Amino acid sequence: MKKFNIRKVLDGLKEQASSSASSVQSGAPENNLMQETLQSENFQLCKTVRHGFPYQPSAMAHDPVQKILAIGTQSGALRLFGRPGVECYCQHESGAAVISLQFLINEGALVSALADDSVHLWNLRQKRPAILHSLKFNRERITFVHLPFQSKWLYIGTEKGNIHIVNVESFTLSGYVIMWNKAIELSSKAHPGPVVHISDNPMDEGKLIIGYESGIVVLWDLKSKKADSRYTYDEAIHSVAWHHEGKQFICSHSDGTLTIWNIKGQGKPFQTITPHGKQPKDGKKPEPCKPILKVEYKTTRLGDPFMILSGGLSYDTVGRRPCLTVMHGKSTAVLEMDYPIVDFLTLCETPYPNDFQEPYAVVVLLEKDLVVIDLAQNGYPIFENPYPLTIHESPVTCCEYIADCPVDLIPALYSVGSRQKRQGYSKREWPISGGNWGLGTQSYPEIIITGHADGTVKFWDASAIMLQVLYKLKTAKVFEKSRNNKEDKQNTEIVDEDPFAIQIMAWCPESRILCLAGVSANVIIYRFSKQDITTEVVQLLEVRLQYEVNDVESPLDGGGGDRDPPTPGAASPSPQTAGPPTHPSTSSNSSDGVRDNVPCLKVRSTPLKQSPGYQVELVVQLVWVSGEPPQQITSLALNSAYGLIVFGNSNGLAVVDYLQKTVLLNLGTVELYGSNDPYQRQPRSPRKTRQPSGGNGLCDINECSASEDRCKSPTSDHRDNSFSRSRSSSVTSIDKEVREAITSFHFCETFARKGDSAVAPCLFVGTSLGTVLAVALNLPPAGEQRLLQPVIVLPSGTVARLKGSILRMSFLDNTGTFLPPSFEPWYEPNATGADGEERDKARKRRPVSVSPSTSQELQESQYAVVVSEKQAKVIALPSQNCIFKHSITETSFVLRADVVQMNIGNCVACFCANGHIMALSLPGLRPLLDVNYLPLTDMRIARTFCFTNLGQAMYLTSPTEIQRITYSQETCENLQEMLGELFTPVETPEAPNRGFFKGLFGGGATSLDREELFGETQAGKASRGLAQHIPGPQGLEGMKGAASGVVADLARARIALDERGQKLGELDERTAAMLASADSFGKHAHDMMLKCKDKKWYQF
27 MKKFNIRKVL
37 DGLKEQASSS
47 ASSVQSGAPE
57 NNLMQETLQS
67 ENFQLCKTVR
77 HGFPYQPSAM
87 AHDPVQKILA
97 IGTQSGALRL
107 FGRPGVECYC
117 QHESGAAVIS
127 LQFLINEGAL
137 VSALADDSVH
147 LWNLRQKRPA
157 ILHSLKFNRE
167 RITFVHLPFQ
177 SKWLYIGTEK
187 GNIHIVNVES
197 FTLSGYVIMW
207 NKAIELSSKA
217 HPGPVVHISD
227 NPMDEGKLII
237 GYESGIVVLW
247 DLKSKKADSR
257 YTYDEAIHSV
267 AWHHEGKQFI
277 CSHSDGTLTI
287 WNIKGQGKPF
297 QTITPHGKQP
307 KDGKKPEPCK
317 PILKVEYKTT
327 RLGDPFMILS
337 GGLSYDTVGR
347 RPCLTVMHGK
357 STAVLEMDYP
367 IVDFLTLCET
377 PYPNDFQEPY
387 AVVVLLEKDL
397 VVIDLAQNGY
407 PIFENPYPLT
417 IHESPVTCCE
427 YIADCPVDLI
437 PALYSVGSRQ
447 KRQGYSKREW
457 PISGGNWGLG
467 TQSYPEIIIT
477 GHADGTVKFW
487 DASAIMLQVL
497 YKLKTAKVFE
507 KSRNNKEDKQ
517 NTEIVDEDPF
527 AIQIMAWCPE
537 SRILCLAGVS
547 ANVIIYRFSK
557 QDITTEVVQL
567 LEVRLQYEVN
577 DVESPLDGGG
587 GDRDPPTPGA
597 ASPSPQTAGP
607 PTHPSTSSNS
617 SDGVRDNVPC
627 LKVRSTPLKQ
637 SPGYQVELVV
647 QLVWVSGEPP
657 QQITSLALNS
667 AYGLIVFGNS
677 NGLAVVDYLQ
687 KTVLLNLGTV
697 ELYGSNDPYQ
707 RQPRSPRKTR
717 QPSGGNGLCD
727 INECSASEDR
737 CKSPTSDHRD
747 NSFSRSRSSS
757 VTSIDKEVRE
767 AITSFHFCET
777 FARKGDSAVA
787 PCLFVGTSLG
797 TVLAVALNLP
807 PAGEQRLLQP
817 VIVLPSGTVA
827 RLKGSILRMS
837 FLDNTGTFLP
847 PSFEPWYEPN
857 ATGADGEERD
867 KARKRRPVSV
877 SPSTSQELQE
887 SQYAVVVSEK
897 QAKVIALPSQ
907 NCIFKHSITE
917 TSFVLRADVV
927 QMNIGNCVAC
937 FCANGHIMAL
947 SLPGLRPLLD
957 VNYLPLTDMR
967 IARTFCFTNL
977 GQAMYLTSPT
987 EIQRITYSQE
997 TCENLQEMLG
1007 ELFTPVETPE
1017 APNRGFFKGL
1027 FGGGATSLDR
1037 EELFGETQAG
1047 KASRGLAQHI
1057 PGPQGLEGMK
1067 GAASGVVADL
1077 ARARIALDER
1087 GQKLGELDER
1097 TAAMLASADS
1107 FGKHAHDMML
1117 KCKDKKWYQF
């Protein structure tokens, strides 16, 4: 007999009484023997990598020697791209838009200018670039930035028309300023407008071209500090470009014209071209066109020069897509783009502006895409883009992330996906090829699946912090294309512009079975096959899920009395259609026009040719019931070992056997409780319009509660806002919930009822009112019997109740080890002959079950882990006692929770609406991590956030970008090695040869001593209040103090660079002092020699 310890009892009571106690343990003393291996030091949260197209791009730059590309955005983000797999994300703290980027070519540095009039110098010689210096202008707005090749002096043009010069090494302003009133003619009274262009003459660094918005161009002599020439045109200027010989330049104007000027020709342009203007026969000026926003003028050694421009189309081309025009000799190619052009750059063989440029490609930055055009091939084909920039091809509506999946899965998906690739790309290598890959030791395969608004599903290889598309599935092919006749409109009027949008995905990686729930209340089951087939008839089941009990009252709200029994037949299964030979039309409209048995979408009736990859097995559709549209599906699960799928909404749930193509169970939520319903529910009151609740799944997150929003797509605009509404999900205030929705499922082999002596297949169901219910599954033996005998499904009552909607359920064995659901191994479904025999053998095999055997002793219990919006509980089975309880949040609610496996144990990972990311130990539910990660959560993040095993997580940080994070200390420490390097040591190409005659008679490039001209000795100091210098974050000493973890490597690299710079500076000073000393010694020695030259030895 055990000793009775009163102290332990009192301690336990105190702990339970404390409302602020985060974790409660009760009963089951043997649980103390379970060792929890995970500790708080195993967790650390950090961002790993960002994938996708830079959201709202605003500027671009290219380093022609390092072969890397930089893109800046309107939110102050920087994305740097090297060879495929080498990319980097940085962020300016201010969040102001990037207006200009300039590489210090082959120096491993980048200058960025922002809309808040700050200029920053980024060090790219470290894996995570950092700002070395910043300069904030106080009195003037920055409009243009230019850094000449191999110069340390940066020209900054302003809105006032002035030009300031910054030393890039020290980030200090020079006293040399070009004032607008000195640049233009004294007789001109009007202000010339902002500076829109600055560049030096390719052949004479001492001459600077300045373009003003009003149409004035000035050739400024830096040495004499005056204007050499002025060129005036009566149309506004957008851009200027030089011919490489420095004798001509070209301007693009707001009326769609290009003007070519000789630098020595005053007054009129040498030539005026309107590339897209219609030339009138009477010699008049052509009709004005849209502005030419940018022009580039690139020469070739053996052929005609290239003139490349964006814009300039005639005004009568209404509705025409944005174009890039390539003029080469007498040919003009107009290349249509899918989105508006933000910027473009011509890639050339040489970085030297005074040599033949030899252009070979054009990088075009569009609002939602990056296109690279091959200039070296006829027809100007585009390069196949190797970066994962098509995440947003259709808006992302949901995501799943699977780490450590079966090793044969990625090759299988890649092999079927490679057949989907488009043809007609350039045959040459992708030209942006700089940087080196990281030396990551992380070897496990990872897959990200994205569901989209147009019904597509994309599979991505996300292994080793890279991202590459593997395979794309189009689900819309299963349905008829809607015609614009009245009948179809009547059927689909509840669906908005994205009727095929994917809402929830369930995937079994081992069996490769995929189940998708769409926004139009449909579920599609797919099998994976390496062979193509033609499906004569798509198999279809139609399900009536209705809910006759509508109002819910809490027993605490004075609803008293006995519970009204549910209306007979409220959610009774309707006669089902087992798809094979045809689709009998179950649609009917009663005499008063009330729609009944009508699905939202029409499944195609013609044969469907299915390529290798995912092929449709079965479609399940919810139908209209008595004039009410079907409710959106809020939860979905599948189990390949049992051959079952289950889905639920705010009416109830349906269990479907996809092997026998039958509906096994179709129950209203209230009927799951049987006679033990804890809530007072009134029969449905007669009223014309019902207010269906969206439940607490995706539908609830997207706030689609009004009936006209019933089947709205998750991409609808009004949903992308922050969490402003208060959500009450506590059991004590359930009267605010209109219906009890099904929010979570979990298939498992466990104890369905209290006191069961053996485990058996079960389905656990979680609801929006925090109830967990069990459903027992009686399966026939595997093989032929499974296809012939019925599966018996029996609701078994309530297992637990929690505060808030149930989000996740999982199971542990009696040692605390994670119990994954059993699964069926993948087999080729379309196999014939010998392969077919193999398939039959595979199907007759018992499914792989990692659950305990059925002869398990009663004391060898399991533990159910249940997480709701408010709390987590660990429940012992079969006793159904709550052993551990933890209140996750009081003021907010959990959006996503997952039970994940780490390297040395399991934990619960949670993401809250207030932006907190948390980890709880298992089974004890001790808090291991709590970080306020996102200050404000929007709906897109809520919809796409997911955790996976081994400390990985992801979410959509913008409509076009995936952000991956890790909460594992081990991954954080290894991250530095895994990241790619942007900067690699490369020799700068040799400068072009001047040639004998140019050297003899002049005419070659002339250099300028900018140091002498712009330095403090000659130019003086800059005006003190004009700009403020800000050193890199924290300064050198602060960085030494903050050097820990991953930051340590970055900080140490930065410190080493700065210290090396200081030491080199000191060495320079010492060398100069030694030279001065040597000069002095030599002078004294010379004087001594002269003095003693004529003296005899005895005179000394």
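Numbering (the working numbering), first residue to last: 27 to 1126.
Just so you know, even glycine gets a beta-carbon here, dropped at the ideal spot from N, CA and C.
Values in this document were obtained by computation on a predicted structure and should not be read as measured data.
Boundaries (first-last residue) of the beta strand (DSSP E) holding residue i
i, result
"L813", "Not the beta strand (DSSP E): L813 falls in the alpha helix (DSSP H), residues E810 to L814."
"N1000", "Segment Q995 to M1004 is the alpha helix (DSSP H) holding N1000; no beta strand (DSSP E) there."
"R448", "Note, R448: premise wrong, no beta strand (DSSP E); not H, not E."
"W148", "S144 to N149"
"W287", "L284 to N288"
"A935", "G931 to C938"
"I263", "I263 to W268"
"T797", "T797 to N804"
"T561", "I559 to T561"
Per-residue DSSP class, three states only, for residue i
i, result
"F771", "strand"
"L328", "coil"
"A43", "The pLDDT assigned to A43 is 39, lower than 50, so where the model puts this residue is not dependable; a value taken from the coordinates is nonetheless given after this. Note: A43 maps to helix in three-state DSSP."
"G477", "strand"
"V926", "strand"
"R347", "coil"
"A677", "Per the sequence shown, the amino acid found at residue 677 is Asn instead of Ala. Correct three-state label for N677: coil."
"W650", "coil"
"Y181", "strand"
"W206", "helix"
"E62", "coil"
"A490", "helix"
"S1106", "helix"
"K233", "strand"
Sequence-distant residues of its chain with Cβ nearer than 6 Å to residue i (five each side left out)
i, result
"V549", "A543, V646 and F673"
"E472", "A429, A488 and S489"
"Y440", "L496"
"S214", "none"
"P348", "M363, P366 and I367"
"L1005", "K153 and G464"
First and last residue of the uninterrupted alpha helix (DSSP H) at residue i
i, result
"E1128", "Outside the displayed span of the chain (27 to 1126) sits residue 1128, for which this structure offers no information."
"I967", "M965 to T970"
"I436", "L435 to G443"
"L339", "Element bounds for L339: n/a, residue is neither H nor E."
Own chain residues within Cβ distance below 7 Å of residue i, not counting five before or after
i, result
"K406", "Just to set this straight, residue 406 is Tyr in the shown sequence, not Lys. Hits under 7 Å: V352, A359, L361, I399 and D400."
"K503", "L634"
"D683", "G669, L670, L690 and V817"
Reference residue i; option with closest CA among the options
i, options, result
"C626", "E506, M229 and T99", "E506"
"L371", "Q557, V681 and S126", "S126"
"L976", "R952, I988, G931 and V1012", "G931"
"A826", "G809, F837, S984 and Q906", "Q906"
"R327", "D342, C374, Q274 and V344", "C374"
"L350", "D342, K316, T376 and T325", "K316"
"A902", "L814, L948, A923 and S340", "L948"
"P904", "V891, D782, M928 and L493", "D782"
Any non-hydrogen atom of the ligand SAM closer than 6 Å to residue i Cβ
i, result
"E375", "The ligand content of the structure shown is nil, which means the ligand SAM is not present either."
Cβ shell of residue i (< 8 Å), same chain only, five flanking positions each side left out
i, result
"P218", "G187, W206, A209, I210, Y238, E239, S240 and I242"
Query raised in the report: Touch check for the segment 983-990 and the segment 935-946: three-plus C-beta pairs under 8 Å?
Result: no
Query - the segment 831-838 contacting the segment 781-801, beta-carbon criterion three pairs below 8 Å - result: yes
Requested in this report: Take every Cβ of the segment 382-402, pair it with every Cβ of the segment 235-255, and state whether three or more of those distances are shorter than 8 Å.
Outcome: no
Query - the segment 298-308 in contact with the segment 271-284 per 3-pair CB rule at 8 Å - result: yes
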